[in-house]
Each structure stands twice: as structure tokens, then as C-alpha cells.
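The sequence shown begins at 171 in the numbering used here and counts up one residue at a time. What follows is a set of notes on a single structure, which appears directly below.
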Amino acid sequence: MSSYPFLKSKEQQQVLDTNGFVKISFLKANELEALRSFYHEIHPDGEAPEKIDGIHMTTWCSDSQYKVKVRQKLSEIYKAPIKRLFKDYRALNNVFIVKDSGKGTSFKVHQDWNVVDESKYAAINVWVPLYDVDEHTGALWMLKKSHTIRRDVRGSAYLFPNYSPFFDELEHAATSVSLKAGEAIVFYVNAIHGSPPNLGASPRIASCFCLVPEKAPLHIYFQKQEGDPLQVHTPPDDFMYQYDNLRQETLVHPPTSTPEQVLPSFKNKPVTLKELQPFLNKKRKWWSFLKA
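Right, here's the structure in full:
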């Protein structure tokens with residue numbers, strides 16, 4: 171993966187490049203209040219819609235008007251802090267991510283899809299809680315330095331790296347990143363991340379967006395199954411909002427009707443313990459005992 175100087179702070183950028191993630195102050199008090207006000211305005215009954223296993227994400231929803239409202243308003247709220255803290259990049263995939271309270275609400279560790287050609291560019295996520303989060307209320311797990319794992323072709327279906335044989339080891343080794351409301355964790359999209367169950371009394375409410383270099387076209391891989399040709403698509407920045415059921419439709423439908431490139435079939439090699447060993451440790455985290 172290519173390295174790009176996303177952050178204006180050289181110190182923060184160095185931590186991001188070293189660990190794959192960095193915690194920053196993101197929203198001013200008035201910006202945080204605007205974000206909270208909008209969230210409660212668009213969810214007047216306090217419930218985010220269309221949850222899967224107790225988790226809501228804006229782009230998982232079928233209501234196109236709802237998704238457009240969220241995308242546009244978050245873009246408006248994020249504009250000033252992005253300009254303040256980041257260099258010249260495009261923001262996309264503005265979403266709320268809400269996790270109900272309950273032991274069954276863990277989000278298993280994973281790597282996100284490519285959104286750019288990682289031989290030339292990089293992409294980051296910026297994850298912002300609306301209220302304080304810690305290891306008991308669904309703060310993010312981050313596996314330090316895992317952005318250095320060389321899996322540069324990632325996508326839905328066959329192309330999604332399968333870390334399930336090593337969930338326990340990865341979650342035990344991960345760092346839980348506590349955040350105050352309005353702070354953010356910035357991380358490379360290929361860093362292994364997830365979150366434990368929300369054991370607090372209230373839903374865990376966060377917002378998130380992705381930053382890509384201003385001149386980098388989107389670069390989305392699609393290969394439904396082993397042996398199929400590898401397609402490369404360059405969709406518009408808002409393509410994630412076009413699906414009625416993103417989690418299911420992206421398994422079988424590419425993001426555009428015409429790929430930019432059609433390449434030989436890609437072999438998605440199984441994840442191995444040897445590949446992960448440099449990132450693991452033997453220290454047991456508190457959440458391992460949830461399985462006891």
C-alpha cells in the first residue's frame with residue numbers, strides 16, 4: 171500500500187503510518203452539537219432503522235431519501251473539520267453506525283474493501299463517536315500495524331479476506347481505542363478492525379466517512395467466485411448509496427455495468443496463522459472472558 175500524507179500534523183501522520191491508526195481531536199463543541207442534533211432530528215423516536223444483528227449502518231438501509239439526507243448533512247458538518255485537519259482529499263461514504271446494547275452486538279474483525287488502487291494510493295476511515303466510548307460500550311478494536319499485511323485485492327464475496335478461523339486470536343491481540351465524544355480514530359482501510367459488544371445501557375452512536383486522495387479514482391474489485399475474471403470498476407463516489415440491500419447485493423452485483431478493466435482470475439489465498447503471527451500476542455483481553 172502506498173503511503174500518503176493525509177494529516178496536516180506530521181506527528182499524527184507518523185503515528186498513522188507506524189500503527190495503522192491514530193486518535194485525534196476532530197470536532198469543535200458547536201460541530202459536535204450540530205452532529206448530535208441532526209442524528210436525533212432524523213431519528214425522532216431514538217431508533218436507527220434497518221439493523222442487522224443489532225447494528226445499523228446508513229448504507230445498509232433501503233430508504234434512498236434517508237440515505238441522501240444523511241450523506242448531505244454529514245458532508246456539511248464534516249466540511250470544516252476536514253479542511254482544518256486534513257490535506258486535499260475527497261470525502262465519501264458518510265454514514266451513521268449505531269450499535270444496540272447487548273452481548274450479541276460484536277462486529278467481527280475484518281479489513282475493508284479497496285476503494286483505491288493501493289499500489290498507487292491509500293485511503294483512510296475517520297470514525298467519530300457522538301458520545302464517549304470505551305471497551306465496555308463498543309469502542310473500536312484496532313490491530314496495530316496490520317495495515318502492513320499485503321492483501322491488496324479486497325472486495326465483496328470471494329474477495330473478502332476470511333479471518334474467521336483466527337477471530338479469537340485477533341480480538342485478544344487488538345487494542346481497544348477509547349474516545350471522547352467528538353474525537354476521532356483515523357485508520358487505513360486495510361487495517362484489521364472491529365468492535366466488541368456494547369455492554370452499556372444506551373446505543374453506541376458513531377459517524378464515519380472515508381477520505382481518498384483528491385485525484386485518485388475509485389478502484390473497486392469484483393469477482394463473485396474462484397475462477398471468474400477479476401473486474402476493476404471505477405464508480406462515482408456515491409455508489410454505496412445506490413443499493414437497496416448493500417450487504418446482499420454487492421455479493422452478486424458489481425458497482426457499475428461496465429468494468430474499467432477485466433483481469434485474469436484472482437486467487438484469494440486463505441489467511442494463515444503464519445501471516446498473522448507478527449501481530450498477535452499472548453495477553454488475554456477482558457472480552458475473551460465473555461466467551462467463557
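Quick reminder that beta carbons are idealized off the backbone N, C-alpha and C, glycines included. Please read all numbers here as calculations on a predicted model, not as lab measurements.
Item to check | Extent of the continuous beta strand (DSSP E) run through F277 | outcome: Residue 277 sits at position 107 when you count from the first residue of the sequence shown. Per DSSP, F277 belongs to the beta strand (DSSP E) from 277–280.
Next on the checklist: What does the Cβ neighbour count give for R254, buried or exposed, with the cut at 16 atoms within 10 Å?
Outcome noted: Position 84 of the sequence shown, counted from the start, is the residue given in the question as residue 254. Flag for R254 reads exposed.
Checklist entry - What residue range is occupied by the uninterrupted alpha helix (DSSP H) comprising I252? => result Position 82 of the sequence shown holds residue 252. Element bounds for I252: 234–255.
Checklist entry - Which residues share a DSSP beta bridge with A354? => result Here the question's residue 354 lines up with position 184 in the sequence shown. According to DSSP, A354 bridges with I194.
Item to check | I222 burial status per 10 Å Cβ neighbour count (16 or more: buried) | outcome: On the sequence shown, position 52 is the one that residue 222 refers to. Exposed, because fewer than 16 other Cβ atoms sit within 10 Å of the Cβ of I222.
Next on the checklist: Looking at the strands, I want to know which residues DSSP matches up with V268.
Outcome noted: Here the question's residue 268 lines up with position 98 in the sequence shown. In DSSP, V268 forms a bridge with H226, I375.
Next on the checklist: By the DSSP assignment, the beta strand (DSSP E) with I212 in it spans what residues?
Outcome noted: Against the sequence shown, residue 212 aligns to sequence position 42. No beta strand (DSSP E) contains I212, which is instead part of the alpha helix (DSSP H) from 199–212.
Checklist entry - Any idea which residues DSSP pairs K261 with across the strands? => result As a working note, residue 261 is residue 91 in the sequence shown. In the sequence under discussion, the amino acid at residue 261 is Ala, which differs from the Lys named in the question. DSSP lists L381 as partners of A261.
Item to check | Classification of Q281 by the beta-carbon crowding that lies within 10 angstroms, buried from 16 upward | outcome: Position 111 of the sequence shown holds residue 281. It counts as buried.
Checklist entry - Would the beta-carbon of Y333 fall within 8 Å of that of Q395? => result As a working note, residue 333 is residue 163 in the sequence shown. As a working note, residue 395 is residue 225 in the sequence shown. The answer is no: Cβ separation not under 8 Å.
Item to check | A343 versus S365: straight-line alpha-carbon distance, rounded | outcome: Reading the sequence shown from its first residue, position 173 is the one you call residue 343. Reading the sequence shown from its first residue, position 195 is the one you call residue 365. Approximately 13 Å between the Cα atoms of the pair.
Item to check | Paired residues, beta bridge with W283 - DSSP | outcome: Along the sequence shown, read from residue 1 onward, the residue named residue 283 stands at position 113. Its beta-bridge partners do not exist; DSSP assigns none.
Checklist entry - Out of K178, R241, P299, D304, which has the shortest C-alpha to C-alpha gap to D258? => result As a working note, residue 258 is residue 88 in the sequence shown. Of K178, R241, P299, D304, the residue nearest in Cα terms is K178.
Checklist entry - Looking at Q393 and the ligand PLP, is the gap between the Cβ and the nearest heavy atom below 7 Å? => result For the structure depicted, the ligand PLP is absent and the ligand set is empty, with no information on it obtainable.
Item to check | For H342, the three-state DSSP class (helix, strand or coil) | outcome: For the purposes of this step, residue 342 is taken as the residue at position 172 of the sequence shown. Helix, per DSSP.
Item to check | Rounded separation between P219 and P299 - CA only | outcome: Along the sequence shown, one-based indexing puts residue 219 at 49. Along the sequence shown, one-based indexing puts residue 299 at 129. Each residue's Cα considered, the two are about 18 Å apart.
Next on the checklist: Let me confirm a value: Q401 is counted as buried when at least 16 other C-beta atoms fall within 10 Å, else exposed. Which label applies?
Outcome noted: Locating residue 401 in the sequence shown gives position 231, where the first residue counts as 1. When all chains shown are included, Q401 counts as buried.
Checklist entry - According to the neighbour-count rule (16 or more other Cβ atoms, all chains shown, within 10 Å of its Cβ), is S372 buried or exposed? => result Residue numbering aside, residue 372 sits at position 202 when the sequence shown is read from its first letter. S372 should be labelled exposed.
Next on the checklist: Taking contact to mean 3 or more Cβ pairs, one atom from each stretch, closer than 8 Å, check whether the segment 376–391 and the segment 278–292 are in contact.
Outcome noted: yes
Item to check | C-alpha distance - D304 paired with Q431, whole-angstrom precision | outcome: Indexing the sequence shown from 1 puts residue 304 at position 134. Indexing the sequence shown from 1 puts residue 431 at position 261. When rounded, the distance between both Cα atoms is 43 Å.
Item to check | Outcome for G190 when other beta-carbon atoms lying within 10 angstroms are tallied against a minimum of 16 | outcome: As a first step, residue 190 must be located in the sequence shown, where it is residue number 20. Label assigned to G190: buried.
Item to check | Completely contained alpha helix (DSSP H) runs for the segment 372–443, where each covers 4 or more residues | outcome: 416–422
Next on the checklist: Less than 7 Å between C-beta atoms, sequence neighbours within five positions excluded: which residues of the same chain meet that for Y413?
Outcome noted: Residue mapping note: residue 413 aligns to position 243 of the sequence shown, counting from 1. Excluding sequence neighbours, Y413 sits near E419, T420.
Checklist entry - Are at least three pairs of beta-carbons, each pair with one atom in the segment 230–248 and one in the segment 338–358, less than 8 Å apart? => result Judged by pairs of C-beta atoms under 8 Å, the segment 230–248 does not touch the segment 338–358, as fewer than three such pairs exist.
Next on the checklist: Which residue wins for smallest C-alpha separation from D302, given the options H389, V192, P429, E353?
Outcome noted: Taking the sequence shown and counting its residues from 1, the one referred to as residue 302 is at position 132. Out of H389, V192, P429, E353, E353 has the C-alpha closest to the C-alpha of D302.
Checklist entry - Would you report the Cα separation of Q182 and L443, rounded to the nearest angstrom? => result Within the sequence shown, the letter at position 12 stands for residue 182. Within the sequence shown, the letter at position 273 stands for residue 443. Between the C-alpha atoms of Q182 and L443 there is a straight-line separation of about 31 Å.
Checklist entry - Nearest-angstrom Cα distance between P251 and G397? => result Here residue 251 refers to the residue found at position 81 of the sequence shown. Here residue 397 refers to the residue found at position 227 of the sequence shown. Approximately 45 Å, taken between the alpha carbons.
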